[in-house]
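Everything below concerns the one structure shown next.
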Amino acid sequence: MTKRVAILISGRGSNMRALCEAMASPDFPAKPVLILSNRPDAAGLDYARAEGLPHAVIDHTQYEAREAFDAALDAELSAAQPDLICLAGFMRLLTPGFVEKWAGKLINIHPSLLPKYPGLKTHQRALDAGDAEAGCTVHYVVPEMDAGEIIGQARVPVLPGDTAETLEDRVREAEHTLYPDCLLRLVSQA
Ligand code: GAR
728 MTKRVAILIS
738 GRGSNMRALC
748 EAMASPDFPA
758 KPVLILSNRP
768 DAAGLDYARA
778 EGLPHAVIDH
788 TQYEAREAFD
798 AALDAELSAA
808 QPDLICLAGF
818 MRLLTPGFVE
828 KWAGKLINIH
838 PSLLPKYPGL
848 KTHQRALDAG
858 DAEAGCTVHY
868 VVPEMDAGEI
878 IGQARVPVLP
888 GDTAETLEDR
898 VREAEHTLYP
908 DCLLRLVSQA
């Protein structure tokens with residue numbers, strides 16, 4: 728049966744696009760039912776509009792408390808009845824209550840080889856440490872940041888002369904294959 732996928736973004740949305748392009752294939756057993764941004768100006772929304780994909784904005788600046796924002800997020804998601812929620816460059820920390828409600832259905836992509844470098848500035852931290860390789864991780868979301876069970880990882884080399892920007896670009900390329908591959912694996916399970 729076709730699974731229902733919601734995707735949460737905050738910005739560029741290149742991973743959301745990679746997921747949607749994969750799901751556009753007729754034999755992919757999932758479809759995007761909601762693309763949701765916490766920023767009205769997220770560039771990724773242009774793609775959703777152009778493709779006629781269901782999309783919504785819940786502007787976090789309109790909510791004083793994290794719990795109120797997450798309640799609005801929860802209401803919008805509940806209406807879309809997703810089987811899986813993919814965080815794709817969604818840069819808001821989610822409250823434990825929200826995460827627990829959607830446990831097992833909530834996944835994220837993170838630009839490092841977890842458990843190395845949870846949090847921000849992952850590429851600079853890999854360079855500062857002199858790492859020979861970097862990469863990305865798709866994992867289940869749990870209340871502790873970037874700590875959930877790992878679903879898949881992809882590795883890229885760190886090359887001489889790399890800056891945080893060149894490394895970020897190489898990792899992002901890898902993300903665009905890893906995330907659809909992990910999604911396919913999850914939605915293909917019974
Ligand atoms: C991606 O590299 C993703 O791994 C990262 O943000 C970027 C979003 O790019 N996510 C995080 O850092 C989460 N903490 P995109 O908007 O082009 O998909």
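Under my numbering, the first residue of the sequence shown carries the number 728, and numbering increases by one thereafter. For glycine and all other residues, C-beta sits at the position ideal for the given N, C-alpha and C. Note that the structure is predicted; figures quoted are calculated from it, not measured.
Item: Tell me whether S915 is buried or exposed, calling it buried when 16 or more other Cβ atoms sit within 10 Å of its Cβ.; Value: exposed
Item: What residues in its chain sit with their C-beta under 7 Å from that of R899, if we drop five residues either side in the sequence?; Value: S741
Item: G831 to E876, Cα distance in whole Å?; Value: 10 Å
Item: In whole angstroms, what is the alpha-carbon distance linking Q851 and L894?; Value: 9 Å
Item: Tell me the rounded alpha-carbon separation between L820 and M872.; Value: 8 Å
Item: Quick one: does the C-beta of H837 sit closer than 7 Å to a heavy atom of the ligand GAR?; Value: yes
Item: Mind the definition here: the region 851-862 touches the region 876-890 only if three or more C-beta pairs lie below 8 Å; say whether that holds.; Value: yes
Item: Quick check on D855: buried or exposed, where buried means 16 or more other Cβ atoms within 10 Å of its Cβ?; Value: exposed
Item: Using beta-carbon positions only, say whether L763 and L780 come within less than 8 Å of one another.; Value: no
Item: What does DSSP give as the partner residue(s) for H837 in the beta ladder?; Value: T864
Item: Can G740 be considered in contact with the ligand GAR, in the sense that its beta carbon sits closer than 7 Å to one or more heavy atoms?; Value: yes
Item: Quick check: what's the CA-CA separation for P809 versus R731?; Value: 5 Å
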